[in-house]
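Asker: Protein sequences appear in the order of chains A, B, C, D, E and F.
Throughout the first sequence, residue numbering follows this note's numbering, covering 2 to 71 in sequence.
Throughout the second sequence, residue numbering follows this note's numbering, covering 2 to 71 in sequence.
Throughout the third sequence, residue numbering follows this note's numbering, covering 2 to 71 in sequence.
Throughout the fourth sequence, residue numbering follows this note's numbering, covering 2 to 71 in sequence.
Throughout the fifth sequence, residue numbering follows this note's numbering, covering 2 to 71 in sequence.
Throughout the sixth sequence, residue numbering follows this note's numbering, covering 2 to 71 in sequence.
Structure provided below as structure tokens; questions to follow.
Number of protein chains: 6
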Amino acid sequence: MKAGARNQIIGTVKSVKKGDVMSLVKVDITQVSTMASVITTESVEDLDLKEGDQVELVIKAVHVLPVKLP
Amino acid sequence: MKAGARNQIIGTVKSVKKGDVMSLVKVDITQVSTMASVITTESVEDLDLKEGDQVELVIKAVHVLPVKLP
Amino acid sequence: MKAGARNQIIGTVKSVKKGDVMSLVKVDITQVSTMASVITTESVEDLDLKEGDQVELVIKAVHVLPVKLP
Amino acid sequence: MKAGARNQIIGTVKSVKKGDVMSLVKVDITQVSTMASVITTESVEDLDLKEGDQVELVIKAVHVLPVKLP
Amino acid sequence: MKAGARNQIIGTVKSVKKGDVMSLVKVDITQVSTMASVITTESVEDLDLKEGDQVELVIKAVHVLPVKLP
Amino acid sequence: MKAGARNQIIGTVKSVKKGDVMSLVKVDITQVSTMASVITTESVEDLDLKEGDQVELVIKAVHVLPVKLP
Numbered sequence: 002m003k004a005g006a007r008n009q010i011i012g013t014v015k016s017v018k019k020g021d022v023m024s025l026v027k028v029d030i031t032q033v034s035t036m037a038s039v040i041t042t043e044s045v046e047d048l049d050l051k052e053g054d055q056v057e058l059v060i061k062a063v064h065v066l067p068v069k070l071p
Numbered sequence: 002m003k004a005g006a007r008n009q010i011i012g013t014v015k016s017v018k019k020g021d022v023m024s025l026v027k028v029d030i031t032q033v034s035t036m037a038s039v040i041t042t043e044s045v046e047d048l049d050l051k052e053g054d055q056v057e058l059v060i061k062a063v064h065v066l067p068v069k070l071p
Numbered sequence: 002m003k004a005g006a007r008n009q010i011i012g013t014v015k016s017v018k019k020g021d022v023m024s025l026v027k028v029d030i031t032q033v034s035t036m037a038s039v040i041t042t043e044s045v046e047d048l049d050l051k052e053g054d055q056v057e058l059v060i061k062a063v064h065v066l067p068v069k070l071p
Numbered sequence: 002m003k004a005g006a007r008n009q010i011i012g013t014v015k016s017v018k019k020g021d022v023m024s025l026v027k028v029d030i031t032q033v034s035t036m037a038s039v040i041t042t043e044s045v046e047d048l049d050l051k052e053g054d055q056v057e058l059v060i061k062a063v064h065v066l067p068v069k070l071p
Numbered sequence: 002m003k004a005g006a007r008n009q010i011i012g013t014v015k016s017v018k019k020g021d022v023m024s025l026v027k028v029d030i031t032q033v034s035t036m037a038s039v040i041t042t043e044s045v046e047d048l049d050l051k052e053g054d055q056v057e058l059v060i061k062a063v064h065v066l067p068v069k070l071p
Numbered sequence: 002m003k004a005g006a007r008n009q010i011i012g013t014v015k016s017v018k019k020g021d022v023m024s025l026v027k028v029d030i031t032q033v034s035t036m037a038s039v040i041t042t043e044s045v046e047d048l049d050l051k052e053g054d055q056v057e058l059v060i061k062a063v064h065v066l067p068v069k070l071p
């Protein structure tokens with residue numbers, strides 16, 4: 002999909018929990034290799050973030066947009 | 002890390018591109034199994050999203066928060 | 002309103018669906034001309050995005066902030 | 002596009018300003034009728050938000066995802 | 002301001018660093034008492050989050066919208 | 002915490018309202034001095050935002066990530 006987002010990850014829906022207004026969708030990830038993050042350059046320098054560092058990528062579920070594949 | 006986010010993914014920094022105010026960080030994902038998305042129940046019903054469906058999870062890089070591991 | 006956001010769109014509330022913690026508000030748009038998106042330059046180049054291209058702007062409802070007008 | 006987002010708005014790219022890491026894309030909106038916002042029910046009650054109210058929808062450009070149409 | 006956001010914090014601009022497309026604005030906070038976060042109920046239960054717990058609220062700068070006061 | 006976010010604010014959980022899928026957490030802020038916002042340079046110039054200006058920082062609760070401290 003030609004979307005202006007750096008992270009596009011394929012998976013299979015594992016569960017859907019429907020609430021009154023919001024729903025929680027869980028997805029088993031089939032394959033992901035590289036992900037991208039944009040942060041301030043000040044943060045990069047504060048963390049002294051560089052190639053080879055081990056990181057944990059934290060992403061709130063509200064920021065994850067599922068697109069149903071044909 | 003005890004953070005209130007459903008998605009916490011481990012990886013290794015692959016590259017850091019520093020800009021004047023923002024930077025782009027690429028991360029090779031070591032291991033991820035399940036991811037979570039929160040969308041409106043209306044969207045779930047419109048898409049008729051259910052277990053077994055193939056989806057693409059789209060996540061803008063600005064929504065990805067890297068935490069440096071010791 | 003002097004807010005640091007590029008998109009400020011006037012409309013009339015059409016419906017409010019109240020949930021236990023979150024609510025879904027629908028708004029009929031009276032008038033909008035131009036909208037703005039910020040993405041990585043890498044995405045612009047990957048998509049070869051340029052003047053005249055047809056696009057669909059996708060915006061999750063959690064990212065839309067309503068301000069009540071007097 | 003079968004995306005889990007309530008707002009999908011068609012338009013034509015008007016301008017692209019490329020920066021070192023981020024770019025600003027302006028889009029002329031061809032047609033939009035209804036938009037959706039998700040806020041806390043507490044906010045709805047604080048604002049006494051109801052059908053017929055005039056609102057301004059404020060959306061930061063980083064939250065707007067452009068998808069290039071064929 | 003009658004905005005549908007739970008967090009509205011008053012402060013004084015301390016510095017503005019202008020980049021080619023994005024800018025970083027620092028603000029000295031004059032007064033803030035209570036802040037609000039919305040997370041999944043699953044996260045609340047995983048973290049066993051309850052009254053009296055010490056927390057750190059992490060907020061990316063791209064999610065902070067400044068509104069200039071008269 | 003070595004996170005790539007400019008805003009990290011310490012506080013004490015005041016209340017937790019659990020919903021079917023989402024929960025609202027209120028936090029009494031113990032101490033915050035400076036906060037940061039990233040907006041487009043165009044917005045800075047439109048607002049003529051500069052040192053000494055009084056601003057209100059508006060942050061939706063979904064963008065606030067709580068991390069439980071030991």
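All C-beta atoms in this analysis are idealised placements derived from N, C-alpha and C, irrespective of residue type, glycine included.
Please read these numbers as outputs of a predicted model, since none were measured by experiment.
Please name the residue, chosen from Val17/B, Glu52/B and Met2/B, that lies closest to Glu40/A on a Cα-to-Cα basis.
Answerer: Sequence inspection shows Ile at residue 40/A; the Glu mentioned does not correspond to that position. Of the candidates Val17/B, Glu52/B and Met2/B, the one whose C-alpha sits nearest the C-alpha of Ile40/A is Val17/B.
Asker: When DSSP labels each residue in this structure, what does Val63/B get in the three-state scheme?
Answerer: In the structure shown, Val63/B sits in a helix (DSSP, three-state: H, G or I).
Asker: Are there 16 or more other CB atoms within 10 angstroms of the CB of Thr42/B, so buried, or fewer, so exposed?
Answerer: Buried is the call here.
Asker: Helix, strand or coil, according to DSSP, for Asp47/C in the structure here?
Answerer: Note: Asp47/C maps to helix in three-state DSSP.
Asker: Between which two residues does the beta strand (DSSP E) carrying Lys3/D extend?
Answerer: Where Lys3/D is concerned, there is no enclosing beta strand (DSSP E), given that its DSSP letter is neither H nor E.
Asker: If you drop the 5 nearest sequence neighbours on each side, which residues of the same chain put their C-beta closer than 7 angstroms to that of Val14/C?
Answerer: Taken in chain order, the residues that qualify are Val26 and Val28.
Asker: Over the uninterrupted beta strand (DSSP E) stretch that includes Val39/B, give me the two end residues.
Answerer: Val39/B -> beta strand (DSSP E) spans Thr35 to Thr41.
Asker: Using the Cα positions of Gly12/A and Asp54/B, report the straight-line distance between them to the nearest angstrom.
Answerer: Answer to the nearest angstrom: the Cα atoms are 8 angstroms apart.
Asker: Here's a check: name, in chain order, each residue in its chain whose Cβ is nearer than 7 angstroms to the Cβ of Ile10/D, leaving out the five neighbours to either side.
Answerer: Ile30 and Val33, listed in sequence order.
Asker: DSSP puts Leu25/B in a beta bridge; with which residues?
Answerer: Partner(s): Val39/A and Lys18/B.
Asker: Using the rule of at least 16 other Cβ atoms within 10 Å of the residue's Cβ for burial, across every protein chain shown, is Lys82/E buried or exposed?
Answerer: No answer is possible for residue 82/E: it lies beyond the span of chain E, which begins at 2 and ends at 71.
Asker: Name, please, each residue of chain D whose Cβ falls closer than 7 angstroms to the Cβ of Lys3/A.
Answerer: The contacting residues are Val68 and Lys69.
Asker: Quick one: which chain B residues come within Cβ less than 7 angstroms of Thr41/C?
Answerer: Within 7 angstroms Cβ-Cβ: Leu25 and Ala62.
Asker: Could you list the residues in the stretch 3-23 of chain D with a C-beta less than 9 angstroms from some C-beta on chain A, going in chain order?
Answerer: Taking 9 angstroms as the Cβ-Cβ cut-off against chain A, the residues of the stretch 3-23 of chain D that qualify are Lys3, Ala4, Gly5, Ala6, Val22 and Met23.
Asker: Find the nearest neighbour of Met36/B within the set Met2/A, Val59/A, Arg7/A and Ala6/A, judged by alpha-carbon distance.
Answerer: For Met36/B, the nearest C-alpha among the options comes from Val59/A.
Asker: Give the secondary structure of Leu58/C by DSSP, where H, G and I count as helix, E and B as strand, and everything else as coil.
Answerer: In the structure shown, Leu58/C sits in a strand (DSSP, three-state: E or B).
Asker: Rounding to the nearest angstrom, what Cα-Cα distance links Ala6/A and Glu46/E in this structure?
Answerer: Cα to Cα, Ala6/A sits roughly 31 angstroms from Glu46/E.
Asker: Report yes or no: is there a C-beta of chain D within less than 7 angstroms of the C-beta of Val55/C?
Answerer: A quick correction: the sequence has Gln, not Val, at residue 55/C. Yes, contact with chain D.
Asker: So, with DSSP's three-state summary, where would you put Gly12/D?
Answerer: Gly12/D: strand per DSSP, three-state reduction.
Asker: Measuring CA to CA, which of Met23/E, Val65/E, Val56/E and Asp21/E is closest to Val56/F?
Answerer: Of the listed residues, the one whose Cα sits closest to Val56/F is Val65/E.
Asker: With 7 angstroms set as the bound, which would you pick, yes or no: does the beta-carbon of Asp29/A sit closer than that to a beta-carbon of chain B?
Answerer: Chain B contact via Cβ: present.
Asker: For the candidate residues Lys3/A, Ala4/A, Asn8/A and Pro67/A, whose alpha-carbon lies nearest to that of Asp87/B?
Answerer: Chain B is shown only over 2 to 71; residue 87/B falls outside these bounds and no answer can be derived.
Asker: By alpha-carbon positions, which one of Ser44/D, Asp21/D, Pro71/D and Ala4/D ends up nearest to Ser44/C?
Answerer: The option with the nearest alpha carbon to Ser44/C is Asp21/D.
Asker: For a quick check, are the C-beta atoms of Lys61/B and Lys3/F less than 7 angstroms apart?
Answerer: Not in contact: Lys61/B and Lys3/F (Cβ atoms no closer than 7 angstroms).
Asker: Using a Cβ-Cβ cutoff of less than 8 angstroms, which residues in the same chain neighbour Ile24/C once the five nearest sequence positions on both sides are dropped?
Answerer: According to the sequence shown, residue 24/C is Ser rather than Ile. These residues qualify, in order along the chain: Val17 and Lys18.
Asker: How long is the line joining the alpha carbons of Ser38/B and Val63/A, rounded to whole angstroms?
Answerer: Using only the alpha carbons, I get a separation of about 6 angstroms.
Asker: CB-CB under 7 angstroms to Asn8/C, same chain, minus the five flanking residues each way: which ones, in chain order?
Answerer: Around Asn8/C: Met36 and Ala37.
Asker: Please return the same chain residues whose Cβ sits closer than 8 angstroms to the Cβ of Pro71/F, not counting the five positions on each side in sequence.
Answerer: Result list for Pro71/F: empty, nothing under 8 angstroms.
Asker: Is there a Cβ of chain B sitting closer than 7 angstroms to that of Leu48/E, yes or no?
Answerer: True, the Cβ-Cβ gap to chain B drops below 7 angstroms.
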